[in-house]
C-alpha cells in the first residue's frame, strides 16, 4: 500500500515562531488532507489539498502532487497550536481508503 | 461541535463481549468512514460507506462489522473483544468521495477499554 512519511516527528517551538511540516507519499493520490489532533483528542480538518496552495489565517498548505509531497506552514505559532498534525492521503489505486501518516507532534511553549 | 455525533464517548467492557458504536454523520453528508486509533498502530482505516453501500474496506478484523442505515447513521459492531481492541474509534463523514467539497469531518470518538 501507499507509504506516508511525516517529518519531523517532534517539534518544539517558542510562541511566535514559524514552522514547516512535511508529508511525503509514495504513490499518486486522489485526495490529501491535513488534520490537527488537539490535546483532548479531537481531530480537526485543516485543509483538503490534493494539489496547489491554500491559506487559512496563520496556516497554509502546499501540495506538489507530481513530486509527491505536501507542506503545512504554521506562522506566528500559539500555544493552542500544540498537538499532533496528521497528513492523510487517498491513493488513485485505493479510492476511499485514506492512509494517515504517523504525525508530527508540535509543542508550542509560552 | 463538529456535527458528527458519536456515542457512547466511553465504553468499558470485558474480554469476549460485544459492543456497538454509533455514528450520526453531519447533515447532508453521505459518506461515513470508521477509523481505529491505537498507540502502536496509529490511525487505521476500517471501512467506508456511501449512501448505505459499503464503498471501501481496510484491514478490518472479521470480528468487526459495520453498516449504514437508510437515515445514514452508521454502527460499528465489535465482537469477541480482546484486550488489543482497546483504542479510540473515530467516525468521519464527508459530503462526497472526491471533488472540491471533499474533506472529512471527524466525530469526537469513542474510547473503548477492554478489561
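Chains as they are written, first to last, in this note's numbering: chain S, 1 to 110; chain P, 111 to 225.
Ideal Cβ positions, reconstructed from N, Cα and C, are used throughout, including at glycine.
- The beta carbon of residue 197/P sits no closer than 8 Å to any beta carbon of chain S.
- At a cut-off of 8 Å between beta-carbon atoms, residue 174/P makes no contact with chain S.
- The three-state reading of DSSP puts residue 24/S in strand, counting E and B together.
- Going by DSSP, residue 89/S is part of the beta strand (DSSP E) stretching over 83–91.
- Chain-ordered, the chain S residues with CB closer than 7 Å to the CB of residue 158/P read 96.
- In the three-state DSSP reduction, residue 67/S falls in the helix class (H, G or I).
- For residue 213/P, the C-beta contacts it makes with chain S under 7 Å involve 33, 45, 48, in order along the chain.
- Taking a beta-carbon distance threshold of 8 Å, residue 218/P counts as an interface residue toward chain S.
- Looking at 138/P, 224/P, 121/P, 183/P, the one whose alpha-carbon comes closest to that of residue 144/P is 183/P.
- One Cα belongs to residue 16/S, the other to residue 109/S, and the distance between them is close to 9 Å.
- If you check the CB distance, residue 121/P and residue 220/P come in under 8 Å.
- Partner residues in a beta bridge of residue 77/S, as assigned by DSSP, do not exist.
- A distance of 8 Å or more separates the beta carbons of residue 112/P and residue 213/P.
- In this structure, residue 146/P sits near residue 154/P, with a CB-CB distance shorter than 8 Å.
- Annotation for residue 167/P: the continuous beta strand (DSSP E) segment containing it runs 163–167.
- With contacts defined by Cβ atoms closer than 8 Å, residue 88/S and residue 35/S form a contacting pair.
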